[in-house]
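2 protein chains.
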Amino acid sequence: MTGALTIAGLGPGDAALITPEVAAALADATDVVGYTPYVARVAAREGLVLHASDNRQELLRAAEAMRLAAAGRRVVVVSSGDPGVFAMASAVFETLEASPQWQGLIIRVLPGVTAMLAAAARAGAPLGHDFCAINLSDNLKPWSLIEKRLRLAAEADFAIALYNPRSASRPEGFARALEVLKEAGCSDRITIFAHAVTTPEERIEALPLRDARPAMADMRTIVIVGNSATRRAGRWIYAPRRAS
Amino acid sequence: MTGALTIAGLGPGDAALITPEVAAALADATDVVGYTPYVARVAAREGLVLHASDNRQELLRAAEAMRLAAAGRRVVVVSSGDPGVFAMASAVFETLEASPQWQGLIIRVLPGVTAMLAAAARAGAPLGHDFCAINLSDNLKPWSLIEKRLRLAAEADFAIALYNPRSASRPEGFARALEVLKEAGCSDRITIFAHAVTTPEERIEALPLRDARPAMADMRTIVIVGNSATRRAGRWIYAPRRAS
Numbered sequence: 000m001t002g003a004l005t006i007a008g009l010g011p012g013d014a015a016l017i018t019p020e021v022a023a024a025l026a027d028a029t030d031v032v033g034y035t036p037y038v039a040r041v042a043a044r045e046g047l048v049l050h051a052s053d054n055r056q057e058l059l060r061a062a063e064a065m066r067l068a069a070a071g072r073r074v075v076v077v078s079s080g081d082p083g084v085f086a087m088a089s090a091v092f093e094t095l096e097a098s099p100q101w102q103g104l105i106i107r108v109l110p111g112v113t114a115m116l117a118a119a120a121r122a123g124a125p126l127g128h129d130f131c132a133i134n135l136s137d138n139l140k141p142w143s144l145i146e147k148r149l150r151l152a153a154e155a156d157f158a159i160a161l162y163n164p165r166s167a168s169r170p171e172g173f174a175r176a177l178e179v180l181k182e183a184g185c186s187d188r189i190t191i192f193a194h195a196v197t198t199p200e201e202r203i204e205a206l207p208l209r210d211a212r213p214a215m216a217d218m219r220t221i222v223i224v225g226n227s228a229t230r231r232a233g234r235w236i237y238a239p240r241r242a243s
Numbered sequence: 000m001t002g003a004l005t006i007a008g009l010g011p012g013d014a015a016l017i018t019p020e021v022a023a024a025l026a027d028a029t030d031v032v033g034y035t036p037y038v039a040r041v042a043a044r045e046g047l048v049l050h051a052s053d054n055r056q057e058l059l060r061a062a063e064a065m066r067l068a069a070a071g072r073r074v075v076v077v078s079s080g081d082p083g084v085f086a087m088a089s090a091v092f093e094t095l096e097a098s099p100q101w102q103g104l105i106i107r108v109l110p111g112v113t114a115m116l117a118a119a120a121r122a123g124a125p126l127g128h129d130f131c132a133i134n135l136s137d138n139l140k141p142w143s144l145i146e147k148r149l150r151l152a153a154e155a156d157f158a159i160a161l162y163n164p165r166s167a168s169r170p171e172g173f174a175r176a177l178e179v180l181k182e183a184g185c186s187d188r189i190t191i192f193a194h195a196v197t198t199p200e201e202r203i204e205a206l207p208l209r210d211a212r213p214a215m216a217d218m219r220t221i222v223i224v225g226n227s228a229t230r231r232a233g234r235w236i237y238a239p240r241r242a243s
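In order, the protein sequence lines correspond to chains A and B. When we follow numbering that gives the first Met the number 0, the leftmost residue of the first sequence carries the number 0, and every step to the right adds one. When we follow numbering that gives the first Met the number 0, the leftmost residue of the second sequence carries the number 0, and every step to the right adds one.
The following block contains the structure:
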């Protein structure tokens with residue numbers, strides 16, 4: 000019997016943002032594999048085995064999911080947001096490339112609402128013009144590359160969505176990112192801190208980048224730095240469609 | 000009586016990718032306003048008025064929606080994908096800023112699965128590392144700015160999602176974009192053409208950028224140019240999480 004491996008995004012937090020496609024995959028699953036807080040978002044039921052694991056265990060988790068699927072189980076690997084954006088899909092394909100014995104597995108990737116889209120919707124439309132997304136975690140890339148990308152993104156006048164801005168283990172990176180953006184001429188840009196978006200703990204703040212403080216962000220925050228034209232309409236913040 | 004204006008994303012095409020939040024807003028609406036092919040995706044029912052309009056009518060459409068909401072109607076403005084990504088949300092806020100009489104309206108933005116996420120999921124995980132999204136339409140910005148952004152995005156080694164790559168009215172832009180990316184050293188990069196993703200007409204092609212031809216894209220295509228590390232694992236294409 001051949002099992003199947005589905006890599007699914009649970010959206011940013013609110014169950015009303017889980018797509019019917021993902022809900023159907025969860026309803027059909029025998030096993031759900033993922034980082035503990037994401038697995039906790041899946042309702043327990045008879046016949047469903049929940050496999051929760053710690054952060055930074057992505058490759059072990061991917062291999063576990065593949066072993067289960069190869070044994071004939073219907074496995075869903077869950078991520079928050081979209082599984083393809085700084086989440087489990089890349090880890091699964093890395094594992095697949097290194098593991099010829101699993102190349103025959105049936106795999107599907109089911110997209111979801113990634114955090115920056117939910118954060119943008121709460122603030123208005125700050126991603127309504129060209130934009131980029133940068134993961135500020137330097138676990139898997141050198142900090143120098145992050146700084147280079149921030150500078151080039153500022154020069155390109157992209158709106159900039161920052162994922163994983165700050166963790167307890169590396170509190171200094173986000174402070175440095177704000178300095179790099181100031182040096183790159185972004186002090187006036189409207190900057191949105193969206194914390195725990197679409198959850199009961201949601202909190203949205205917006206202020207000019209020059210007034211942003213590192214402590215405004217944690218690992219549950221998405222930061223969106225507007226482009227040079229980003230502006231307010233009443234309580235809303237948006238990027239005009241037109242650029243000159 | 001005060002109405003409400005909801006700006007909602009219908010996802011890339013498949014009804015199974017419409018969030019329950021958006022489905023509930025549509026079920027509660029008295030009026031749906033949008034570009035004709037998107038309004039056609041909303042099921043007709045008694046008590047629901049469908050207002051379909053032509054492309055490039057974004058500001059007229061936004062004003063119509065606001066007039067209806069101000070008259071007490073429950074209006075949903077629909078976009079394909081996510082309403083905040085090259086879609087109606089920015090047009091609504093532009094109209095709001097210019098129209099003090101509507102500042103009191105109750106407005107909500109409901110996110111959706113934007114086309115690049117669905118395209119990426121079908122291909123694998125090409126957006127699993129830092130990336131950017133560029134709208135290739137030059138209706139609202141000069142072509143020189145598009146070229147500048149393409150060059151800087153290549154230099155930053157972002158994966159690059161290109162929206163609206165090609166239309167009948169400007170067939171030459173996408174050809175030029177491919178040339179710019181070749182000049183910027185991206186000839187070897189794996190490039191994905193995702194046509195009508197999640198619809199019955201879906202078609203996915205991937206090849207090195209040097210072999211990409213302009214005719215492979217139309218307005219229903221999302222193009223994703225991988226970063227320099229993007230690779231294949233069997234039939235899948237992904238960006239490794241690690242960068243050096």
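Beta carbons: idealized from backbone N, C-alpha and C, even for Gly. As the structure is a computational prediction, the values presented were derived from the model and not from experiment.
- Taking a cut-off of 8 Å for Cβ pairs, the region 164-173 of chain B and the region 195-208 of chain B do not touch, as fewer than three such pairs fall below it.
- Annotation: B:W101 is outside any alpha helix (DSSP H) and is labelled neither H nor E by DSSP.
- Think of a sphere of 9 Å around the beta carbon of B:W142: no beta carbon from chain A falls inside it, the nearest being about 11 Å out.
- Of all residues in the region 126-142 of chain A, only L126, G127, H128, D129, F130, C131, A132, I133, N134, L139, K140, P141 place a beta-carbon less than 8 Å from a beta-carbon of chain B.
- Taking C-beta separations shorter than 7 Å and ignoring five residues to either side along the sequence, the partners of B:E57 in its chain run M87, A90, following chain order.
- Under DSSP, A:P199 forms no beta bridge with any residue.
- Looking at the DSSP output, B:A232 bridges to B:W235.
- In this structure the region 61-75 of chain A touches the region 28-37 of chain A; the number of beta carbon pairs closer than 8 Å is three or more.
- Its Cα nearest to that of B:A51, the residue B:Y37 stands out among B:A42, B:E45, B:A43, B:Y37.
- Where A:S143 is concerned, the enclosing alpha helix (DSSP H) starts and stops at 142-154.
- With a threshold of 9 Å between beta carbons, B:A155 makes contact with chain A.
- Think of a sphere of 7 Å around the beta carbon of A:Q102: the chain B residues whose beta carbon falls inside it are G233, in chain order.
- By the Cβ neighbour-count rule, A:E20 is buried, with 16 or more other Cβ atoms within 10 Å of its own.
- Among the residues of chain A, those whose CB is under 7 Å from the CB of B:T113 are L116, following chain order.
- A:A118 is positioned such that its CB atom lies no closer than 9 Å to that of A:I133.
- The continuous beta strand (DSSP E) containing B:V32 extends over residues 30-34.
- At a Cβ-Cβ threshold of 9 Å, B:L4 and B:V41 do not count as neighbours.
- Boundaries cannot be given for A:V84, as no alpha helix (DSSP H) includes it and DSSP labels it neither H nor E.
- The C-beta distance from A:A158 to A:V84 rounds to 16 Å, too long to meet the 8 Å contact threshold.
- Separation of B:S79 and B:T35 (C-alpha to C-alpha, rounded to the nearest whole angstrom) is 11 Å.
- The closest CA to that of A:E45, considering only A:L25, A:A61, A:P141, is found on A:L25.
- Going by beta carbons, B:A238 and B:L109 fall outside the 9 Å limit.
- Across the set A:A14, A:R234, A:A214, A:A242, the C-alpha of A:A14 shows the shortest separation from the C-alpha of A:G111.
- About 6 Å separates the beta carbons of A:T229 and A:I236, which is inside the 8 Å limit, making them a contact pair.
- Neighbourhood of B:T18 in chain A, by CB distance below 7 Å: A15, L16, T18, V112, in chain order.
- With respect to A:L116, B:D129 sits apart: the two C-beta atoms are not nearer than 9 Å.
- Cβ-Cβ distances below 6 Å link A:I106 to L4 in the same chain, with the five nearest sequence neighbours on each side left out; the list follows chain order.
- Among the bridge pairs identified by DSSP, B:N134 is matched with B:Y162.
- At the C-beta level, B:S186 and B:L208 come within 9 Å of one another.
- Annotation for A:A124: Y237, A238 place their beta carbon closer than 7 Å to its own, counting only its chain and skipping 5 residues before and after.
- Only those residues of the region 33-47 of chain A whose C-beta falls short of 9 Å from the nearest C-beta of chain B would be listed, and there are none.
- In the three-state reduction of the DSSP assignment, B:V76 falls in the strand class, which pools E and B.
- The shortest C-alpha to C-alpha distance from A:S243 to any of A:H194, A:E204, A:Q100, A:A155 is the one to A:A155.
- The beta carbon of A:E63 is closer than 8 Å to those of V32, H50, S52 in its chain, skipping five residues each way along the sequence.
- A:R44 sits in coil when the DSSP states are folded into three classes, being neither helix nor strand.
- For B:V21, the enclosing alpha helix (DSSP H) starts and ends at 19-27.
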